[in-house]
Structures are given as structure tokens and as C-alpha cells.
Amino acid sequence: MSKQGGLPVIGPVTGQGTVCCSPMVREPLGEEDAAELSRMFKALSDPVRLRLLSLIASHEGGEACVCDLTGPFDVSQPTISHHLRVLREAGLVGAERRGTWVYYWVLPAALAKLSALLQAPAVPTAAEAKAGA
3 MSKQGGLPVI GPVTGQGTVC CSPMVREPLG EEDAAELSRM FKALSDPVRL
53 RLLSLIASHE GGEACVCDLT GPFDVSQPTI SHHLRVLREA GLVGAERRGT
103 WVYYWVLPAA LAKLSALLQA PAVPTAAEAK AGA
């Protein structure tokens, strides 16, 4: 990690250390990659889950206790637990029980996969295109 903090920058990798997928603008997505990535996007399509992921990622130390995640929402604790389970099953967060509490953290490799898929080449503005011609 850099001295500035934050998550380390890593490439899009699978559990075997191989590249997951190319950006959609380079080549079509394979069936297996599409199924895995659609589970992640589906999990993130809910506003509560998207906010939970953001809360976990931005929490001091990079992990958050479930006890810290229930306050900001107008839903019950069992509903928060359901949303956290969906994020975990989609491969976006990891979790560990410590005593009576469960702690969650974002899995950087999962975010890298999503990010790599959506990367688009920089499109020059009209002015930049004229200047380069």
C-alpha cells in the first residue's frame, strides 16, 4: 500500500491468479464471466447493499463490525444481515465472526474485476482530435 493509504491497486484476477476478463470494449464477455459478474452487479443494484459496501470500504481500518452498519439505515437488523449475506455470496465482501460480532471487509479483487470490465478507452474531445490531426 502507498503511504497515502487506501486500497492497493491490483489487476483483475481470479482465485488462480489469472486475468478474469477484458474490458467489454475489447472483446465480448464469455458465458462464465458474464454469470459471475452479473451476480456482483445484481448484488450492487440494491441501494442498501451499495451503501453497505461503501460503508464497509470507507470504514477505518478497511473493515466494519456489523454493529456499526445497522445505524445509518431505516431497516431492521435482520434485513441488514440479509443484504450483507447477498454481498458475501456475490463475492464482494469477506466476513469473520469474532466473539458475538461479525466483521466485514471489501474484497479488492472483486472490485478490480468490475472495474476492469467497465474500463473504456479515453475518447479524445473534438478539440484534441483536431489538434492531433
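All residue numbers for the sequence shown refer to my numbering, where the first residue is 3 and numbers rise by one.
Virtual Cβ for every residue (Gly too), placed ideally from N, Cα, C.
Of the residues the options, the one placed nearest residue i, counting alpha carbons only
| i | options | result |
| --- | --- | --- |
| residue 81 | 68, 92 and 93 | 68 |
| residue 96 | 31, 120, 34 and 59 | 59 |
| residue 41 | 83, 56 and 94 | 94 |
| residue 47 | 62, 35, 92 and 29 | 92 |
| residue 112 | 132, 78, 45 and 31 | 45 |
| residue 108 | 32, 34, 35 and 56 | 56 |
Presumed contact (8 Å Cβ cut-off) between residue i and residue j, rounded CB distance
| i | j | result |
| --- | --- | --- |
| residue 51 | residue 88 | 6 Å |
| residue 62 | residue 106 | In fact, because the Cβ distance is near 13 Å, the residues do not count as touching under 8 Å. |
Chain-order list of residues whose beta-carbon lies under 7 Å from that of residue i (same chain, five-residue window excluded)
| i | result |
| --- | --- |
| residue 54 | 71, 85, 86 and 89 |
| residue 12 | With a pLDDT of only 37 at residue 12, under 50, the local geometry of the prediction cannot be trusted, and no value is derived from it. |
First through last residue of the alpha helix (DSSP H) which encompasses residue i
| i | result |
| --- | --- |
| residue 108 | Per DSSP, residue 108 belongs to no alpha helix (DSSP H); it is in the beta strand (DSSP E), 103-108. |
| residue 88 | 79-91 |
The beta strand (DSSP E) enclosing residue i, as first and last residue numbers
| i | result |
| --- | --- |
| residue 96 | 95-100 |
Close beta carbons around residue i, own chain, < 6 Å, minus the five adjacent residues each side
| i | result |
| --- | --- |
| residue 5 | Low confidence applies here, because residue 5 scores a pLDDT of 36, under 50, leaving its location unreliable; read the following figure in that light. Excluding sequence neighbours, residue 5 sits near nothing in its chain. |
| residue 17 | Residue confidence for residue 17 is low, a pLDDT of 45 falling below 50, so the modelled location carries little weight; the figure read from the coordinates is stated next. No residues qualify anywhere along the chain. |
Contained alpha helix (DSSP H) runs [length at least 4] in the segment 20-64, N- to C-terminal order:
For the segment 20-64, whole alpha helix (DSSP H) runs of length 4 or above, ordered along the chain, are 33-46 and 49-60.
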